[in-house]
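So the protein lines, in turn, are chains L and V. The opening position of the first sequence corresponds to residue 6 in our numbering, with each subsequent residue numbered one higher. The opening position of the second sequence corresponds to residue 6 in our numbering, with each subsequent residue numbered one higher. Ideal placement from N, C-alpha and C gives every residue a C-beta, glycine not left out. Report on one structure; see the data block that follows.
There are 2 protein chains.
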Amino acid sequence: MRWDGWGDPGRRTALAPGVRRALSRELGGPSRTEGTGVSIDGAELPPGRLPGTARAALVAAAGPGGLRDDRGARIRHAAGRGYPDLLRLRSGRVDPAPDAVATPADADAVAAVLEVCSGHGLAVVPFGGGTSVVGGVEPISGDHAGVLALSLAGLSGLRALDERSATATLAGGTPLPEAERELARRGFTLGHFPQSFEYATVGGCVATRSAGQASTGYGRIDELLRGVELVAPAGRLTLGARPASAAGPELRQLVAGSEGVLGVIVSADVEVCQRPLTRHYEGWALAGFREGADALRTLVQAGAAPEVARLSDEAETQTTLMLSGGGTGSAVLRGYLRLRRLADGCLLICGWEGDAADVGRRRHEGARLLRRFGAVALGTPPGQAWEAGRYAAPYLRDALLDDGVMVETLETASSWSGLERLYLRVRTALTDALAGRGTPPLVLCHISHLYRTGASLYFTFMARQQPGAELAQWQAAKSAASEAIVAAGATITHHHAVGRDHRPWLEAETGALGLQALAAVKQRWDPAGIMNPGKLGSQLTAPR
Amino acid sequence: MRWDGWGDPGRRTALAPGVRRALSRELGGPSRTEGTGVSIDGAELPPGRLPGTARAALVAAAGPGGLRDDRGARIRHAAGRGYPDLLRLRSGRVDPAPDAVATPADADAVAAVLEVCSGHGLAVVPFGGGTSVVGGVEPISGDHAGVLALSLAGLSGLRALDERSATATLAGGTPLPEAERELARRGFTLGHFPQSFEYATVGGCVATRSAGQASTGYGRIDELLRGVELVAPAGRLTLGARPASAAGPELRQLVAGSEGVLGVIVSADVEVCQRPLTRHYEGWALAGFREGADALRTLVQAGAAPEVARLSDEAETQTTLMLSGGGTGSAVLRGYLRLRRLADGCLLICGWEGDAADVGRRRHEGARLLRRFGAVALGTPPGQAWEAGRYAAPYLRDALLDDGVMVETLETASSWSGLERLYLRVRTALTDALAGRGTPPLVLCHISHLYRTGASLYFTFMARQQPGAELAQWQAAKSAASEAIVAAGATITHHHAVGRDHRPWLEAETGALGLQALAAVKQRWDPAGIMNPGKLGSQLTAPR
Numbered sequence: 006m007r008w009d010g011w012g013d014p015g016r017r018t019a020l021a022p023g024v025r026r027a028l029s030r031e032l033g034g035p036s037r038t039e040g041t042g043v044s045i046d047g048a049e050l051p052p053g054r055l056p057g058t059a060r061a062a063l064v065a066a067a068g069p070g071g072l073r074d075d076r077g078a079r080i081r082h083a084a085g086r087g088y089p090d091l092l093r094l095r096s097g098r099v100d101p102a103p104d105a106v107a108t109p110a111d112a113d114a115v116a117a118v119l120e121v122c123s124g125h126g127l128a129v130v131p132f133g134g135g136t137s138v139v140g141g142v143e144p145i146s147g148d149h150a151g152v153l154a155l156s157l158a159g160l161s162g163l164r165a166l167d168e169r170s171a172t173a174t175l176a177g178g179t180p181l182p183e184a185e186r187e188l189a190r191r192g193f194t195l196g197h198f199p200q201s202f203e204y205a206t207v208g209g210c211v212a213t214r215s216a217g218q219a220s221t222g223y224g225r226i227d228e229l230l231r232g233v234e235l236v237a238p239a240g241r242l243t244l245g246a247r248p249a250s251a252a253g254p255e256l257r258q259l260v261a262g263s264e265g266v267l268g269v270i271v272s273a274d275v276e277v278c279q280r281p282l283t284r285h286y287e288g289w290a291l292a293g294f295r296e297g298a299d300a301l302r303t304l305v306q307a308g309a310a311p312e313v314a315r316l317s318d319e320a321e322t323q324t325t326l327m328l329s330g331g332g333t334g335s336a337v338l339r340g341y342l343r344l345r346r347l348a349d350g351c352l353l354i355c356g357w358e359g360d361a362a363d364v365g366r367r368r369h370e371g372a373r374l375l376r377r378f379g380a381v382a383l384g385t386p387p388g389q390a391w392e393a394g395r396y397a398a399p400y401l402r403d404a405l406l407d408d409g410v411m412v413e414t415l416e417t418a419s420s421w422s423g424l425e426r427l428y429l430r431v432r433t434a435l436t437d438a439l440a441g442r443g444t445p446p447l448v449l450c451h452i453s454h455l456y457r458t459g460a461s462l463y464f465t466f467m468a469r470q471q472p473g474a475e476l477a478q479w480q481a482a483k484s485a486a487s488e489a490i491v492a493a494g495a496t497i498t499h500h501h502a503v504g505r506d507h508r509p510w511l512e513a514e515t516g517a518l519g520l521q522a523l524a525a526v527k528q529r530w531d532p533a534g535i536m537n538p539g540k541l542g543s544q545l546t547a548p549r
Numbered sequence: 006m007r008w009d010g011w012g013d014p015g016r017r018t019a020l021a022p023g024v025r026r027a028l029s030r031e032l033g034g035p036s037r038t039e040g041t042g043v044s045i046d047g048a049e050l051p052p053g054r055l056p057g058t059a060r061a062a063l064v065a066a067a068g069p070g071g072l073r074d075d076r077g078a079r080i081r082h083a084a085g086r087g088y089p090d091l092l093r094l095r096s097g098r099v100d101p102a103p104d105a106v107a108t109p110a111d112a113d114a115v116a117a118v119l120e121v122c123s124g125h126g127l128a129v130v131p132f133g134g135g136t137s138v139v140g141g142v143e144p145i146s147g148d149h150a151g152v153l154a155l156s157l158a159g160l161s162g163l164r165a166l167d168e169r170s171a172t173a174t175l176a177g178g179t180p181l182p183e184a185e186r187e188l189a190r191r192g193f194t195l196g197h198f199p200q201s202f203e204y205a206t207v208g209g210c211v212a213t214r215s216a217g218q219a220s221t222g223y224g225r226i227d228e229l230l231r232g233v234e235l236v237a238p239a240g241r242l243t244l245g246a247r248p249a250s251a252a253g254p255e256l257r258q259l260v261a262g263s264e265g266v267l268g269v270i271v272s273a274d275v276e277v278c279q280r281p282l283t284r285h286y287e288g289w290a291l292a293g294f295r296e297g298a299d300a301l302r303t304l305v306q307a308g309a310a311p312e313v314a315r316l317s318d319e320a321e322t323q324t325t326l327m328l329s330g331g332g333t334g335s336a337v338l339r340g341y342l343r344l345r346r347l348a349d350g351c352l353l354i355c356g357w358e359g360d361a362a363d364v365g366r367r368r369h370e371g372a373r374l375l376r377r378f379g380a381v382a383l384g385t386p387p388g389q390a391w392e393a394g395r396y397a398a399p400y401l402r403d404a405l406l407d408d409g410v411m412v413e414t415l416e417t418a419s420s421w422s423g424l425e426r427l428y429l430r431v432r433t434a435l436t437d438a439l440a441g442r443g444t445p446p447l448v449l450c451h452i453s454h455l456y457r458t459g460a461s462l463y464f465t466f467m468a469r470q471q472p473g474a475e476l477a478q479w480q481a482a483k484s485a486a487s488e489a490i491v492a493a494g495a496t497i498t499h500h501h502a503v504g505r506d507h508r509p510w511l512e513a514e515t516g517a518l519g520l521q522a523l524a525a526v527k528q529r530w531d532p533a534g535i536m537n538p539g540k541l542g543s544q545l546t547a548p549r
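Written out as C-alpha cells, the structure reads:
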C-alpha cells in the first residue's frame, strides 16, 4: 500500500479539471496543488526505544524473521487510514511510530510475543490490514516503555471449510480478497465487502464489528461469526463454532468489537454461503431522501431487501453526478432524470445476488414495492458504475487531499422512526461547525445498510482545508457530528468501530456500568494493560 | 399454577389405560398409582430467616404490599419446573424455600430492594414465570444469611410500540401471553412460543437466551433483542434500542443469558413483526432421521425453511403415535405410513406463517425440496394435532410422574456435520446410564430449530422411577448425557440455559478465560455476590 495514502501507488490519480472547478464553486477558495509530498525516505521518525533485552526476547518469541525494527517496517505500521492519520503521514513526521513490528507465524508465537511484552512493559497494537479510519491502530504506548505493532500477516489462509455446515475457519490475518479467492475455489463466499476490502483482514473485521457493502443481504461480520479464537496476555480463549447456544452470555459477541484491547483474534469461524450465480446491480431514482427511506423500510420489513441497498440523499446524488466528471453517461442520466421530474431526486443502488430464480422473484417483488413510492427504474448502468467504483473512494480521497480538500466519512444507525431527525441533526451540525470556521462544507449522506428495525446513515463531508489548522478543523467537525449523534440517541458508529476517535462518546452509549464491565474483563485478560492503549473506552486504559 | 406441578390445576389428567399398558411394555416394571400427593397446606417448610431489620427495610423498599413471607408465597417461589424441582415439591418438603418474596412495582423499587439485600447480605433470586427446567430459580442462599425471591410480577405490560421500527418495549415481568395479546391488538407479534409459553416472561426469556417453537422463522430471543435495561446491585445499565452498532463489544449479548446472576432485567426492546395472516401446519413422513436431517439442512440453506420445523426420530415418531392413545387418527396414519413403506419412518411437522402469497410460494418450494429426499406429504391433520398439543408436554409429564415414570428433556445444538454423531452419542449415553441401573429408558429425539450452519437436538427420556433413588437416577442420566455432549464438542444447552443443572459443564464451553470474564463482570456489577447464587458458572459464585 502507498505509504502515505491509500492503495496501489500506481493507481494514484489527480482530479479532472472539471471536478476541480466544480469543487471550487462548491467549497469556495482556490484549489491547491500540493507537491508530490514527502517520500518515505524523507520521513522523520522518532528513534526506536526497544531495550536490548526486550528485543532479544521478542526475536526469540516471534521466530525467525519475525521481528523488524527498520525504518520501512516501523513507518508502514505507524498509522491507519483515517483523516488524522493521513495528515500525519503527509506531514512527513511519522510520530508516534511503533518501536518494532513483530510478525508471529502462528498462535503460539502470538502468545509468546504477548508474554514478552507483558513482562517488559511494552504496549501491543494488533495490526491487520491497517485500514482503520478511526485511529484503531495508532501506536499509542500509554504509560508503557515502548510499543510494538503485532502484524497478523503471518496468520493467513483458509484453515478449514465445513461445506455441509456452511462454516469456514479463517486465520485472523487473512486478507478478505484471499479469503474470497480460497472460498470461491470451493464454490463459497463470505459475502463481506467493506470499502477497505482490498486490504482488510478477517480478524480486523471481527475486532471492529465490520459491515460490508452487501451486509444487508449476507449479514454483518458479527452475525456471521460462529466461533473465534483469541490470544490474550492472560491466556487463550477458544469458542468453538456453534449455530446457537443458551450457555450463558454470548462471549463471541464480547470478542467481536474488542478492537485489540482484550487480545489478538487469531482465528474465526464464519458462516459462508454458496457463491451467487446471478448478480444484478441496478439504479432507481426517487423523488427525495424521505420517500426513498420509506421505500427501503417497506422493502426490508417485507423480507424483500436486496443484498446491496444504498440510497444517496439529494446532495450525494448531485455530487456523484459531478464527480463522475460530467461524462456522457452522467449527462444522459441527468437529462433523463429531468425528463422524469426527478432532477433533484435521489439515486438508489440495488444489488441482487443469488440463484437466477430467486433473484428474478425478489427483483420483481422489490420493483413492485419501489414503484409504489414513485421510484423510477434507471436500469443497470448506474448499478454497474457503482460496482466499478465500489472501492474507489479512498483513492479519490487522496486526490482531494492533494487538492487541499478535507474529506472525511462517519456513520451511525438508528431506528426507522428516528432516522430523519438523526439525518437532519448530523447534517446541520457538520454544516454549522465548518461554515462557522469559514469553510462551508459539502455534506453528503446515504443509507448504507437496512435492518427490519432501522438503518445506517453514512455521511461524507468535504471542505476546503484550513492550512495550519487541518487537525483542529477536522476535530471541530467530528465533535459536532458526534455530539449530534449522541443527542439523537443513535449509535456513535455503525461499522467503523470506536478506535481513538470515538472514545469520548462511547460511555454515552454503554453507560458507566457497561464500560466498567469491559474494564473488568480487560483487567482479567490483560492484567498489565498492554493491549492497544488509548482505544475503545477511556476507562479501559486508565493509568494503572 | 399448580403448586407441585405444571399449569392449571383443573387440567390435571391421568394417562389413558392403553398408554399405561404400552409404557409398562416399553419401560418394564408395574405402573404405580401415586396418591393425590401432598396438599400445599401439608407441605413442610423451613422457618423463615429474615431478620426484623432486613424485613422492615425490604417492606419500605418494595413498596405497599410488595413483601410477603407467608407460607403460600414462599412455597410458590421455591422451585422451577425441572425434574428435581418436581421431585422436591412432590415429596412435600419444600426446602430450600425463599425467606420472603418481594414484588417491586417498578425499576426503582427493584433497585431499592437490591440495595437492601446487598446491605443485609441476602441472596436474591429473580423470579419471572418460575418455569426454569434447569434449576434457574432454586432459592440457594450460598454463603448469605437468607434468600429473597424477587418476583417480576409487578413489572408487566407493553410499554411502547414503535410500529414504524417494528420494535416493542416490554416490561421484564410481562408474561408471554400478555405480550402477544397486547401486540395482537396493534397487529403485531413477537413470534416467541417456547413450550413454557403459558407462564414464561419476557425478561426470563432474555435471561435464558430462550428459543421458541417458531424461532426458526422468527428468530431466537437473543436475535430479537434490540435494547435492554438491567438493574444490578452496582447500578443501572440502559442499552437503548439499536438496529446494529460497532461501538465495542455487544453488551446486550452479555445481558442475554445472564440468568439473574448479573442483575434483574426490568425491560427489553424486542423486534416484532406483523401478525401472520396465514398459518399452515402440516405433516410429512420421511424414511429415517438421517434423510430428514438432510432434507431440513437443504431447506434452511436454500432459504426455504418454515417458521416451525420439528423432525422426530423413529422412536419419537412411534411414541407420539402411541401417546396419542391409539385413536382413530393415529391408526389411519399408521396404516397410511405402512402403505407408503414408511412404517418405521420419521414424522416432520412444518409450520408456515406469513401472508398468503409468501406462505404459498415457500410451501411450494419447501415441498419440492422435501420430495427430493423422499418425503411423503401427510396433509394438515398431523400439523393441527401438533399445534393443539404444543404446550401439553408439561401436563403429560405430571401424569407420567403420577404413574411412577421419570421423564426429562435436554437439548443441545451442533453443526450439521456433527449432528448425527452427537445424536448417537447422547442416545447411547442415556440408554447405557439408565439400563445400567436396571431401568432401561425410552429415548426420543427431535430436531427442533434450524440454522444455516447447524441444528438443535431435543431429547426426551423416560424410565421407570427407582423408588428412593429418584434423584440419583436422574443425576446419572443427566451426567452421562452432558458428558456425551461435551465430548462431541456441542453446546451443553441450546435454549434451556445453564441454571444449576448445567453448571459443571459450562467451563468446557467457555474455557477458563471465558468464565473469568463473567466472574469479573459479576464482581463489578454485584460486588456483594448476592445475585442468584449457585447458577451459571461455578466461579461466579465461589465463596467470597
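- In this chain, V/Asp-13 is not harboured by any alpha helix (DSSP H), its DSSP state being neither H nor E.
- V/Ser-137 sits in coil when the DSSP states are folded into three classes, being neither helix nor strand.
- For L/Thr-206, no alpha helix (DSSP H) encloses it, and the DSSP letter there is neither H nor E.
- Of the other Cβ atoms in all chains shown, 16 or more fall within 10 Å of the Cβ of L/His-82; this residue is therefore buried.
- In this structure, the beta-carbon distance from L/Gly-209 to L/Gly-133 falls below 7 Å.
- Remark: C-beta atoms of L/Val-142 and L/Gly-97 do not approach each other more closely than 7 Å.
- Taken residue by residue, none of the region 119 to 137 of chain L has a beta-carbon sitting less than 9 Å from a beta-carbon on chain V.
- Note on V/His-285: 16 or more other CB atoms within 10 angstroms of its CB, so buried under the neighbour-count rule.
- In terms of beta-carbon proximity, L/Asp-299 stays away from the interface with chain V, with every pair separated by 7 Å or more.
- Judged by beta-carbon spacing, L/Ala-434 lies within the 7 Å limit of L/Ala-489, meaning their Cβ atoms are closer than that value.
- For the pair V/Leu-353 and V/Leu-304, the CB atoms are not nearer than the 7 Å cut-off.
- Per DSSP, reduced to three states, the secondary structure at L/Met-536 is strand.
- Approximately 30 Å separates the beta-carbon atoms of L/Val-277 and L/Ala-107; this is outside 8 Å, ruling out the contact.
- Just so you know, the alpha carbons of V/Cys-351 and V/Val-381 end up roughly 10 Å apart.
- If you look at V/Trp-421, you'll find it isn't in any beta strand (DSSP E); DSSP assigns it neither H nor E.
- For V/Glu-413, not one C-beta of chain L is nearer than 7 Å to its own C-beta.
- Taking a Cβ-Cβ threshold of 7 Å, the residues of chain L close to V/Gln-521 are Arg-529, in chain order.
- Taking 9 Å as the Cβ-Cβ cut-off, the region 222 to 254 of chain L approaches chain V at Arg-225, Asp-227, Glu-228, Arg-231, Leu-235, Ala-237, Ala-239, Gly-240, Arg-241, Leu-242, Thr-243, Leu-244, Gly-245, Ala-246, Arg-247, Pro-248, Ala-249, Ser-250, Ala-251, Ala-252, Gly-253, Pro-254, given in chain order.
- Classified as buried, L/Glu-264 has 16 or more neighbouring CB atoms from the shown chains inside 10 Å of its CB.
- Along the region 293 to 326 of chain V, the positions whose C-beta sits under 8 Å from a C-beta of chain L are Arg-302, Gln-306, Gly-308, read in chain order.
- At a beta-carbon threshold of 8 Å, the residues of chain V lying near L/Ser-170 are Ser-420, Trp-421, Ser-422, Gly-423, Thr-458, Gly-459, ordered along the chain.
- For V/Met-6, the secondary structure class from DSSP, reduced to helix, strand or coil, is coil.
- Residues of chain V whose Cβ lies closer than 9 Å to the Cβ of L/Val-503 are, in chain order, Ala-251, Ala-252, Gly-253.
- Just so you know, the alpha carbons of V/Pro-509 and V/Gly-542 end up roughly 8 Å apart.
- Spatial neighbours of V/Arg-16 in its own chain (CB-CB distance under 8 Å, excluding positions within 5 residues in sequence) are listed in chain order as Tyr-400.
- Here L/Glu-321 is near L/His-451, since their CB atoms are less than 7 Å apart.
- Under the 7 Å criterion on CB atoms, V/Ala-525 is classed as interfacial with respect to chain L.
- When secondary structure is reduced to three states using DSSP, L/Tyr-286 falls in the strand class.
- Neighbours of L/Ser-263 across chain V, judged by C-beta separation under 9 Å: Gly-253, Pro-254.
- Here the region 456 to 476 of chain V makes contact with the region 416 to 428 of chain V; the two share three or more CB pairs at distances below 8 Å.
- Here L/Asp-407 carries a helix assignment [DSSP, helix/strand/coil].
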